[in-house]
Amino acid sequence: NAGVTQTPKFRVLKTGQSMTLLCAQDMNHEYMYWYRQDPGMGLRLIHYSVGEGTTAKGEVPDGYNVSRLKKQNFLLGLESAAPSQTSVYFCASKLPGNTEGYTFGSGTRLTVV
Amino acid sequence: AQKVTQAQTEISVVEKEDVTLDCVYETRDTTYYLFWYKQPPSGELVFLIRRNSFDEQNEISGRYSWNFQKSTSSFNFTITASQVVDSAVYFCALKDNQGGKLIFGQGTELSVKP
């Protein structure tokens, strides 16, 4: 089925460990986004990409890195996880243009202990 | 500044009541798009509506209606005759023309009790 797939869906990390969250879309979307959702704060943009090989910082980029080596994949990396990065992470993608909608993944629940 | 404010953190109503969720936005853009999303307890984000700044007509979809007023920078969402299945977190969002980013409000958690 076409859509946005996030891997993994759940993960528990120890402080200081590293991990990579994968976002994959099969809709040939140019734009991709990583958000984090925390209670009372809505969804906040971490990083985004407007095309293969490009990335840009969002509102809360510190502690995260991203890569967009292939158009269909957008990776979010945590080099040294901290408890403050405990959150639900959502990936989204869209085509360029004002009339194009956003497709969201189902989320990754990450707990850093 | 690009900003969305949902001042109501939580709302609790009894089934069949009408409820309005407020959304106020700030934008530097002359052309912009506003969105509402629903996040049920299962956690996924469900798209409800997109409205562009050129169209100030109110929109109705079943029990849902939206009131867009540019003069007050508001895009409020009303549920008529609420049902338990409407219980969810609702997000208002603004599309930033730079990179097509969505800027979300803090969300309003709606609880509809039987």
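Chains A and B, in that order, are what the protein sequence lines are. For what it's worth, my numbering labels the leading residue of the first sequence as 4, then goes sequentially. For what it's worth, my numbering labels the leading residue of the second sequence as 6, then goes sequentially. Each residue gets a CB set at the ideal place from its N, CA and C atoms; glycine is no exception. Only a predicted model underlies this, so the values are computations on that prediction, with no experimental measurement involved.
- Taking a Cβ-Cβ threshold of 8 Å, none of the residues of chain B is close to A/P11; the smallest such distance is about 15 Å.
- For A/R71, no beta strand (DSSP E) run applies, since DSSP gives it neither H nor E.
- About 5 Å separates the Cβ atoms of A/T106 and A/V7, confirming a contact at the 8 Å cut-off.
- Within its own chain, the residues whose Cβ lies closer than 8 Å to the Cβ of A/G110, once the five positions on either side in sequence are excluded, are Q9, K12, Q40, V91, Y92 and F93, listed in chain order.
- When CB distances to chain A are screened at a threshold of 7 Å, the residues of the region 89–111 of chain B falling below it are F96, G104, G105, K106, L107, F109, G110 and Q111, in chain order.
- Inter-residue distance for B/Q103 and A/F77 is about 19 Å (C-alpha atoms, whole angstroms).
- Put simply, the backbone Cα of A/A59 is about 10 Å away from that of A/Y36.
- The Cβ atoms of B/L115 and B/A93 sit closer than 8 Å to each other.
- Within the model, the alpha-carbon separation for B/I54 versus B/T25 is close to 15 Å.
- Apart from sequence neighbours up to five positions away, the residues of its chain that approach B/E15 with a beta-carbon distance below 6 Å are E114, ordered along the chain.
- In the displayed model, B/V89 falls within a helix according to three-state DSSP.
- The C-beta distance from A/Y34 to A/P99 rounds to 6 Å, short enough to fall under 8 Å.
- Here B/Q62 carries a coil assignment [DSSP, helix/strand/coil].
- Taking C-beta separations shorter than 7 Å and ignoring five residues to either side along the sequence, the partners of A/M30 in its chain run A5, S96 and T106, following chain order.
- By the criterion of a C-beta distance shorter than 8 Å, A/V53 is surrounded in its chain by E33, Y34, A59 and P99, once the five residues flanking it on both sides are discounted.
- Around the beta-carbon of A/A84, 16 or more other beta-carbon atoms lie within 10 Å, marking it buried.
- Residue range Y34 to D41 is occupied by the beta strand (DSSP E) that includes A/D41.
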